[in-house]
Amino acid sequence: MLTVSPRRARRSRKKLATHHGAGIFERMQFSRQDEQWMQQALRLARRGIGQTSPNPAVGAVVVRAGKVIGQGWHQQAGSPHAEILALSHLRARGATLYVTLEPCCTHGRTPPCTAAIIAAGIRRVVVAAKDPNPRHDGRGLAVLRRAGIRCDFGLLAEEATRLNSSFNHWITTGQPLVTAKLALSLDGKFTTQTGDSQWITSATARREAHKLRSCSDAVMVGASTVITDNPRLTLRHGVRGRQPWRVVIDARGRCSRAAHLFTDPHRYRTIVGTTPQSPTTWRRALALAGVTVLVLPAQHRHINLSVLLAELGRMEITSLLVEGGGELHRAFFAAGLVDHVAFFFAPKIIGSAQTMQAALNVTGHWRRIGREEMLFEGCIGTATGL
Ligand code: AOF
Ligand code: ZN
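Mapping of the sequence shown onto this note's numbering: residues -17 to 368, in sequence order.
Below is the structure:
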């Protein structure tokens, strides 16, 4: 059983201070055409999803006299922002800029977009979502308004905000957004008594799970999973994208140094969270192999997960997919550190079966009942192995 801590614990995750200029984010009325251009900017922004971390995915469209004269989307941290690409090689005087995120006004890896927008002679800026980055958060809009540019805020704000849930969480808390991924049988078990958990869901479900991986900056497993399954945590099943960081929690140094995660070509993308209780020789060997070893304070023989999350946040990891096993999930839920869940249900009943082959198969379907609940109805088949 998972023990979920009171909400108070969740709230105690520190929010960094944010600045809100009074009235800056007041919502406006928009025309159908405004909405159409912002939809286009959102479509552009979506092209960057999974590529821009630790930056947000952003899209921009420049419109004059009812025609698109420029467009762009943020492709990668360190490369130009969406507005800069949309405005490049353009005579944009008097035009309107539609952008899915409040334009930035500070020097980061790149110069401020507000300066480029002002220099281009843009007359009106329509913004979907605010930038919760405390360096911006209303300041971008204030700078543009001070320069005499009309700024209209809040068009399709929910869609635009949802697009960057990991970035929004990370930039305000300093910690990655945590998604717990669980593959469960219908009777809510994620393993048989012998720990046989690998093939609980179908090939389609595995592909979906790999898609989740491809949108995460990091994926995490516990030491027991490494010992029993020796996983690779790479992107497979036809899913492509950036290889996420692979994080192993191993307080006492129980994992073999020969595990795939420490020896394969992606070992430079492996992080081990451990404590002073693990053997120094083990830690040193992993570090020599190219693995990032984080020695963290122990809490009742376990790793302090909040400290680990803050450390991952410092490494610019904005999203973390916790893949299990059960012990790790329990620890995350108990500490109130889970933000999102992805539950995959296999049409099987494990009961007290010793192996997955001995689990009962069920043929049936899900039905939504009421607003929140789901009902699964089906016929019991035979166990696969019988
Ligand atoms: C925009 N347009 O396309 C993006 C923005 O280090 P930098 O210079 O890339 O700045 C990163 C910050 O800029 C990031 O934390 C977020 O606040 C904002 N991202 N802003 O106007 C964009 N990607
Ligand atoms: Zn910018």
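Every residue, glycine too, gets a C-beta built ideally from N, C-alpha and C.
Since His219 and Arg251 are thought to touch, with beta carbons under 8 Å apart, how far apart are those beta carbons, to the nearest angstrom? The sequence position of residue 219 within the sequence shown is 237, counting from 1. The sequence position of residue 251 within the sequence shown is 269, counting from 1. About 19 Å; that fails the 8 Å criterion.
CB of Glu65 to nearest heavy atom of the ligand AOF: below 8 Å? If you number the sequence shown from 1, residue 65 lands on position 83. Checking the Cβ of Glu65 against the ligand AOF gives yes.
Do Pro369 and the ligand AOF come close, with the Cβ less than 8 Å from some heavy atom? The structure shown does not extend to residue 369, since the chain is modelled only from -17 through 368, so no value can be given for it.
Is there at least one non-hydrogen atom of the ligand AOF closer than 8 Å to the beta-carbon of His89? The residue you call residue 89 lines up with position 107 of the sequence shown. Indeed, a heavy atom of the ligand AOF lies less than 8 Å from the Cβ.
When every heavy atom of the ligand NAP is checked, does at least one fall within less than 8 Å of the C-beta of Cys133? The model depicted lacks the ligand NAP and carries the ligand AOF and the ligand ZN instead.
Beta-carbon within less than 6 Å of Trp348's beta-carbon, same chain only, minus the 5 sequence neighbours each way: which residues are those? Here residue 348 corresponds to residue number 366 of the sequence shown, with the count starting at 1. Met356, Phe358.
Inspect the CB distances between the region 273 to 288 and the region 124 to 135 and report whether three or more fall short of 8 Å. no
Residue ranges of each alpha helix (DSSP H) within the region 229 to 305, 4 or longer: 242 to 245, 262 to 271, 287 to 296
Return the CA-CA distance between Gly360 and Ala324, expressed in angstroms with no decimal places. The residue labelled residue 360 in the question sits at position 378 within the sequence shown. The residue labelled residue 324 in the question sits at position 342 within the sequence shown. Cα to Cα, the separation comes out at about 22 Å.
Is Val44 near the ligand AOF, going by C-beta to nearest heavy atom under 8 Å? Position 62 of the sequence shown holds residue 44. No.
The alpha helix (DSSP H) enclosing Ile104, as first and last residue numbers: Position 122 of the sequence shown, counting from 1, holds the residue named residue 104. No alpha helix (DSSP H) holds Ile104; DSSP gives it neither H nor E.
If you draw a straight line from the C-alpha of Gly3 to the C-alpha of Lys112, how long is it? The count along the sequence shown starts at 1 and reaches residue 3 at position 21. The count along the sequence shown starts at 1 and reaches residue 112 at position 130. Because the pLDDT at Gly3 is just 46, under 50, the model does not fix this residue reliably, and the point stays unresolved.
Please state if the CB of Gly41 and the CB of Ser70 are separated by a distance shorter than 9 Å. For the purposes of this step, residue 70 is taken as residue 88 along the sequence shown, with counting starting at 1. For the purposes of this step, residue 41 is taken as residue 59 along the sequence shown, with counting starting at 1. No, the pair does not count as a contact, with Cβ atoms beyond the cut-off.
According to the neighbour-count rule (16 or more other Cβ atoms, all chains shown, within 10 Å of its Cβ), is Ser260 buried or exposed? On the sequence shown, residue 260 is found 278 positions in, with the first residue counted as 1. Its Cβ being crowded by 16 or more others within 10 Å, Ser260 is buried.
Could you tell me if the beta carbon of Thr92 falls within a distance shorter than 8 Å of some heavy atom in the ligand ZN? Here residue 92 refers to the residue found at position 110 of the sequence shown. Yes - the ligand ZN has a heavy atom lying nearer than 8 Å to the Cβ of Thr92.
Of all the CB atoms in chain D, is at least one closer than 9 Å to the CB of Leu319? No chain D is part of this structure, which consists of one protein chain only.
Exposed or buried, which one is Ile351 when buried takes at least 16 other CB atoms within 10 Å? Indexing the sequence shown from 1 puts residue 351 at position 369. Classification for Ile351: exposed.
According to the neighbour-count rule (16 or more other Cβ atoms, all chains shown, within 10 Å of its Cβ), is Ala64 buried or exposed? On the sequence shown, position 82 is the one that residue 64 refers to. Under this definition Ala64 is a buried residue.
For Ile66, count the other beta carbons within 10 Å of its own beta carbon; 16 or more makes it buried, fewer makes it exposed. Which is it? Residue numbering aside, residue 66 sits at position 84 when the sequence shown is read from its first letter. When all chains shown are included, Ile66 counts as buried.
CB-CB length for Val81 against Val109, believed under 8 Å: Taking the sequence shown and counting its residues from 1, the one referred to as residue 81 is at position 99. Taking the sequence shown and counting its residues from 1, the one referred to as residue 109 is at position 127. Confirmed, Cβ separation roughly 6 Å.
If I measure Cβ to Cβ from Gly264 and keep anything under 8 Å in the same chain, skipping five residues before and after, which residues do I get? Taking the sequence shown and counting its residues from 1, the one referred to as residue 264 is at position 282. The identity of residue 264 in the sequence shown is Trp, whereas the question assumes Gly. Answer for Trp264: Gly235, Arg239, listed in chain order.
Please report how far the alpha carbon of Leu83 lies from the alpha carbon of Gly204, in whole angstroms. By 1-based counting over the sequence shown, the position of residue 83 is 101. By 1-based counting over the sequence shown, the position of residue 204 is 222. About 37 Å.
Does the distance between the C-beta of Cys95 and the nearest non-hydrogen atom of the ligand ZN fall short of 8 Å? Indexing the sequence shown from 1 puts residue 95 at position 113. Yes, the beta carbon of Cys95 sits closer than 8 Å to at least one heavy atom of the ligand ZN.
Verify whether the separation of the beta carbon atoms of Gly307 and Thr161 is less than 9 Å. Residue mapping note: residue 307 aligns to position 325 of the sequence shown, counting from 1. Residue mapping note: residue 161 aligns to position 179 of the sequence shown, counting from 1. Not closer than 9 Å, so no.
Distance check for Ala129 and Ser148, CA to CA, integer angstroms please. Reading the sequence shown from its first residue, position 166 is the one you call residue 148. Reading the sequence shown from its first residue, position 147 is the one you call residue 129. Straight-line Cα distance between these residues: approximately 32 Å.
In angstroms, rounded to a whole number, what distance separates the CA positions of Ser184 and Cys95? Position 202 of the sequence shown, counting from 1, holds the residue named residue 184. Position 113 of the sequence shown, counting from 1, holds the residue named residue 95. Cα-Cα distance, rounded: 46 Å.
Which residues share a DSSP beta bridge with His322? In the sequence shown, the residue the question calls residue 322 occupies position 340. DSSP output for His322 lists Thr161 as bridge partner(s).
Member of Thr262, Phe326, Ile153 whose CA lies at the smallest distance from the CA of Glu305: Translated into the one-based positions of the sequence shown, residue 305 becomes position 323. Checked all of Thr262, Phe326, Ile153; the closest Cα to Glu305 is Phe326.
Extent of the continuous beta strand (DSSP E) run through Thr82: In the sequence shown, counting from the first residue as 1, residue 82 sits at position 100. Where Thr82 is concerned, the enclosing beta strand (DSSP E) stretches over 78 to 83.
Ala317 versus Val230 - alpha carbon distance: By 1-based counting over the sequence shown, the position of residue 317 is 335. By 1-based counting over the sequence shown, the position of residue 230 is 248. Cα to Cα, Ala317 sits roughly 18 Å from Val230.
Taking the alpha-carbon positions, what's the Ala39 to Ala340 distance? On the sequence shown, residue 39 is found 57 positions in, with the first residue counted as 1. On the sequence shown, residue 340 is found 358 positions in, with the first residue counted as 1. About 46 Å.
Rounded to whole angstroms, what is the Cα-Cα separation between Met202 and Glu141? For this step, residue 202 is matched to residue 220 along the sequence shown. For this step, residue 141 is matched to residue 159 along the sequence shown. Cα-Cα distance, rounded: 28 Å.
Own chain, CB closer than 8 Å to Gln22, minus 5 neighbours either side, in chain order: Against the sequence shown, residue 22 aligns to sequence position 40. Result list for Gln22: Gly41, Val43, Val50, Gln53, Tyr80, in chain order.
Check: Arg117 C-beta below 8 Å from any heavy atom of the ligand AOF: Against the sequence shown, residue 117 aligns to sequence position 135. The answer is yes for Arg117.
Simplified DSSP assignment, three categories, for Met356: In the sequence shown, counting from the first residue as 1, residue 356 sits at position 374. Looking at Met356 - three-state DSSP - the assignment turns out to be strand.
Cα-Cα separation between His242 and Arg224, rounded to whole angstroms: Start at 1 with the first residue of the sequence shown, and residue 242 comes out as number 260. Start at 1 with the first residue of the sequence shown, and residue 224 comes out as number 242. Cα-Cα distance, rounded: 18 Å.
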